[in-house]
Each structure stands twice: as structure tokens, then as C-alpha cells.
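Asker: Have a look at the structure that comes next, please.
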Amino acid sequence: MRAWYRQFYVASGLGYDTSTIGQDGDGLVSPLEPCAFAVLTGQYGPHVEVEIEELSDAPSTVPAGWPGVSELDVVQRDGGLQAVSWGGEGWVTSRERPPGLYRVRVCAAGREAGAATGQDSALPERVLVQRWPTSVATPPVTLLADGVSTRGGLTGLFPSAVGRSLDGLADHAGSDPGPVVAVRCTRDVQVDPDTARDAAGDLRRGLTIGDDRVRDQLDGVRLDVVPITGGARFVLAHPGTSPTRAWHLTRLCRWALERLTPVGSARDPRAVRLQVRTNPPPNEIPGVLPLAAPLGRSDSVAAVLLQVLAHRGGLLFRVTLRGRAHGVDGHLPFLPDTTPGPELRGSLPTTPSVQVLLPDGRTSLFLDRSSALQLIPQADDQPVLFEEPHGGSSARLDLDYWLTPNPRSALTFRFSWARQGLPETTVQLDAETVQRVTAEAQELWPWDVTVHDRP
């Protein structure tokens, strides 16, 4: 399934309140109601492989290979246990079990892949949900911590340790039966030593901003500034006695540390290359090739390749789709159904499939922007295709696809969308047309991306 907004839900039956997500929990699971909880991912919108395993008794050991493991109680209302993504784009259901109290173990892997850089990884996350009957109510517990804390959509700065038993922190637990929580937030910044000292002072003052409830959570915060190559590493550490403290610290750290210029900013060569390849240049007016080429239609949806905007460094393909109401409920094609379920056409893609093919046999590598940081440096001169942020309404969808670099050759634009009943369709452009439209691109003013983020 695709877990949008860093979350998906596991529940027995439909009809549960999700407004409290992130207000409690350990960063992996967040209880919602006695019958439901949320699983929090380490990335914004990862693909998640979910498996639900129904057991007759409590397992004797924690399964190996899962760096994040949490347990909580769930009340079974009727049917089986269901895992569903936000918007109903994925659905996993277990076999039916009698109503009653069950213990649930959530095992997660792959959350740290995206959290290590703050960008989504191309690799899927994996979640195993184990459930067995119990007669004794037991508080939630974190068995293993993977170092990724996601609280209600706030990823913060990727705390390196959240767990029940941490070296040197056991004495902070006292008689509190809840988990011991430690947070160590880091950010590498490009800064000289004098500026680093000033920034450290600003951070200390910044962490005192907030209401009394927030300030009370920050007792024991320690800030260290460590010199590194090309700058300094800011480390905010906090031993606490509840996940709530970890959440407040993460939120304030994110606000404070993001004010600093990170290593890998627009003046860093790595980020310069990334910025040039992943965005149409803002100092250039592209050549325009009007097309209005049909990409297919069904009973409810029609798609058209409106035009191609040719920049010297890439091509922007502009696609528009129109839809009309269909079905007995008059549901519109570009909005998710309000009641998710397996009837949502299974695992068919919820976005179109788009590729660009070149005469030499190369095919564009499709990336979302969250994957670009890791994968573009490996792509070299391979054509890369990005889906630009899109807009529209319940009956209209406008999509832009940025191909980089500009091949300046013949190409084939391939489009399909099985979910909307649109089979594969191709539009071909010859080399002369691509080169002619590219030559019409105009530079408005010079732009040295190694000096300025924007022209």
C-alpha cells in the first residue's frame, strides 16, 4: 500500500476517530481508540509492505530482522483486523476472529532509510502486525527502537534513540512504568566557528520560547556544537521520562535548527547539481510546442497531452485530464472514495504511468523528488522523469512531467492509467521538432547557481 502523510491505520471495523493521531504513542504506533491505532512511517509517502499474522498464543520471542517493535492492546469489534492507508489507496485484511481483547505487536523495518537524509527512499518500508488473544490489559510498550520518531506528521530531526531500556538512562525512569525516552537530534551546518557560537546562543534562547507546558518538558536539554569538515554539527540531547517530552523537543528542535544553513545547501556542489537537474530553470522562457494529443478516454475520464515546454536543460510535458461523475453515488474520478475498502480496484496505481523512450533504447528513470537526493547522483546522463506538483479539482487533474536532461532527439511519450480505464498510448516527437522548439528557449538573465539559490 502507499502510506501518505506518514501514516496508515489498523483497526477492527470502520468508523474510528483519527484526530488524536500523534498525541500519544512512541513514534511507531499511535493509539486512536480501543479498536484502532495508527502506524507511523519514517517517510512522507512510502510504499509499505504490510502483513497481518494471526496467532493463537503470545509468541515466545521477538522476530529477528525488525529494528522497530511496539506492542499495544486492541479491542476486536467484528470481522478481522484491517490495515488501510489514508484515502483508502491500500487495504490488507486478516481472517475474522471473535470479539474481545487482543495484544498486537507491530514490527517495522526500512523506516530509517528515508529518515537518514530527510528524503523518501525508493525502497519500501515493511510492517508485520502480529495479533493474539489476551485476558489481561497491558499498557503499550516499546520493545525495540529503530531511531526514527514520527509524531503525528512531525518528523523533526530523526531522534537516534527512543526505547525502553537505554544505557545510562535507566535511573531517569524512577517508578514511572512508562518507557524511558531519549532524544538526540543532530544537524550539520555550513558555518564558521564564530557564527557557530552565535547560532548556539540563538538556539538556547529559541528553546525557551513557548508556553509553560512546553518549557516544562525541556528540563535537561543539552546543546553541543562539534566542529566538522566545512562547518559544525549541532547536537541537542534530552533524557526524559515520557514520549511527550520527546515530541515537544523534536518539534522545537526542528523549528530552531532549520533556521541554520545545512551542509549540502544550494552553494554546495552536490545540491547545485541536484537543483539544476530537478527543476525547470527560473531564469528561462521555454519554447512551446502545442499538441493537444489525445492520450485516451474511458466512460468517465479523458486525457490529453496539451503541450511540451522545451528548456535547454529539459522538457516539461503538460498533461490534463477531465472526468465526470459515475456510479450510483455520483462519485468523481479524482477524489478517493469516502469509505475505503477492497472494492477500490485492488492495487491498481492511483496515478498515471508515464515513461519517455529514446531512440538509443534508453528509458526514463521515474523519480519522485524525495528520491532524487539519493538516486540522481547515480543517474549521470540517464534521462530522469519527475512528476511536478499538480493541481485540479474533483473533475479535473493537471499533471506536469519534467524530463532531464533534454535529449534533443526523437522521443516517445508513453502514458497509461489502468485505474481510470486508460490503456497504454504513445505520442512521438521527431528530432527536428524537439531541436527547433528547444532553440526557441530564451534566457532572461544570467544565473550562477553556485552563488545564488535563485536568479
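My numbering applies: residue -18 is where the sequence shown begins, and numbers increase by one. All C-beta atoms in this analysis are idealised placements derived from N, C-alpha and C, irrespective of residue type, glycine included. As the structure is a computational prediction, the values presented were derived from the model and not from experiment.
List in chain order: all unbroken beta strand (DSSP E) runs of 3+ residues lying wholly within the segment 33 to 93.
Answerer: 49 to 57, 63 to 66, 72 to 74, 81 to 90
Asker: Out of G268, T332, A64, T119, point me to the one whose CA is closest to V110's CA.
Answerer: Of the listed residues, the one whose Cα sits closest to V110 is A64.
Asker: CA-CA distance, S279 and H28?
Answerer: Here the C-alpha atom of S279 lies approximately 28 Å from the C-alpha atom of H28.
Asker: Given 7 Å as the limit, tell me if D7 has its C-beta closer than that to any heavy atom belonging to the ligand ZN.
Answerer: For the ligand ZN, the structure offers nothing, since it holds no ligand at all.
Asker: Does the Cβ-Cβ distance between V337 and L366 come in under 8 Å?
Answerer: yes
Asker: Taking the C-alpha atoms as reference points, what is the distance between E421 and P267?
Answerer: 7 Å
Asker: Considering only residues of the same chain and omitting the five flanking positions on each side of G402, which have a CB-CB separation below 6 Å?
Answerer: S279
Asker: Relative to the alpha-carbon of F396, which residue among P208, W113, S345, E265 has its alpha-carbon at the smallest distance?
Answerer: S345
Asker: To which residues does DSSP link V335 through a beta bridge?
Answerer: F396
Asker: CA-CA distance, L124 and D54?
Answerer: 14 Å
Asker: Figure out for me which residue from V(-9), V206, G212, A(-16) has the closest Cα to the Cα of V85.
Answerer: Cα-wise, what sits closest to V85 is V(-9).
Asker: Are V108 and A126 touching if we call contact CB-CB under 8 Å?
Answerer: no
Asker: In three-state terms, what does DSSP make of R278?
Answerer: strand
Asker: Grouping DSSP H, G and I as helix and E and B as strand, with all else coil, what is W(-15)?
Answerer: helix
Asker: Could you check if P427 is buried or exposed, using at least 16 other CB atoms within 10 Å of its CB as the buried criterion?
Answerer: By the Cβ neighbour-count rule, P427 is exposed, with fewer than 16 other Cβ atoms within 10 Å of its own.
Asker: Using the Cβ count rule (16 or more neighbours within 10 Å means buried), how would you classify A399?
Answerer: exposed
Asker: Can you list, in chain order, the residues of its chain whose CB lies under 7 Å from that of G277, leaving out five sequence neighbours each side?
Answerer: A284, L403, P404, T406
Asker: Taking Q288 as the reference, which of L348, P40, V269 has the closest Cα?
Answerer: V269
Asker: Using a Cβ-Cβ distance under 8 Å, would Y(-14) count as near chain D?
Answerer: Considering every chain present, this structure includes no chain D. It has just one protein chain.
Asker: For a test of the three-state rule: what should DSSP assign to R417, helix, strand or coil?
Answerer: Of the three classes helix, strand and coil, the one that applies to R417 here is helix, per DSSP.
Asker: Kindly indicate the opening and closing residues of the beta strand (DSSP E) around T301.
Answerer: 295 to 304
Asker: Could you give the distance in angstroms between the alpha-carbon of N387 and the alpha-carbon of I209?
Answerer: 38 Å
Asker: Just to confirm before moving on: does the CB-CB distance between L301 and D379 stay below 8 Å?
Answerer: According to the sequence provided, residue 301 is Thr. The question's Leu does not apply to it. Yes, the Cβ-Cβ distance between T301 and D379 is below 8 Å.
Asker: Indicate whether Y(-3) and C16 have their beta-carbon atoms separated by less than 8 Å.
Answerer: yes
Asker: Less than 8 Å between the CB atoms is what I'm expecting for L339 and S390, so what's the real figure, rounded?
Answerer: Yes, L339 and S390 are in contact; Cβ-Cβ is about 6 Å, under 8 Å.
Asker: Verify whether the separation of the beta carbon atoms of T115 and L62 is less than 8 Å.
Answerer: No. Outside cutoff.
Asker: Report the residue from P333, S75, G342, P271 whose alpha carbon sits nearest the alpha carbon of V418.
Answerer: P271
Asker: Check the C-beta distance from P79 over to R58 and give it rounded, since I have them as a contact under 8 Å.
Answerer: 11 Å between Cβ atoms; not a contact.
Asker: In the structure shown, what three-state DSSP assignment does P404 receive?
Answerer: strand
Asker: Tell me the residue span of the beta strand (DSSP E) that contains P27.
Answerer: Per DSSP, P27 lies in no beta strand (DSSP E) segment and is marked neither H nor E.
Asker: What span of residues does the beta strand (DSSP E) with D381 cover, start to end?
Answerer: 377 to 385
Asker: Pull up the distance between the alpha-carbon of E93 and that of E52, whole angstroms please.
Answerer: 20 Å
Asker: Does DSSP put V115 in a helix, a strand or coil?
Answerer: Sequence inspection shows Thr at residue 115; the Val mentioned does not correspond to that position. If DSSP states are grouped into helix, strand and coil, T115 belongs with coil.
Asker: Residues in the same chain with beta-carbon distance under 6 Å from P121, minus the five sequence neighbours each way, listed in chain order, please.
Answerer: L53
Asker: Rounded to the nearest angstrom, how far is the Cβ of E35 from that of R76, given a contact under 8 Å?
Answerer: 6 Å
Asker: In angstroms, rounded to a whole number, what distance separates the CA positions of L290 and L104?
Answerer: 31 Å
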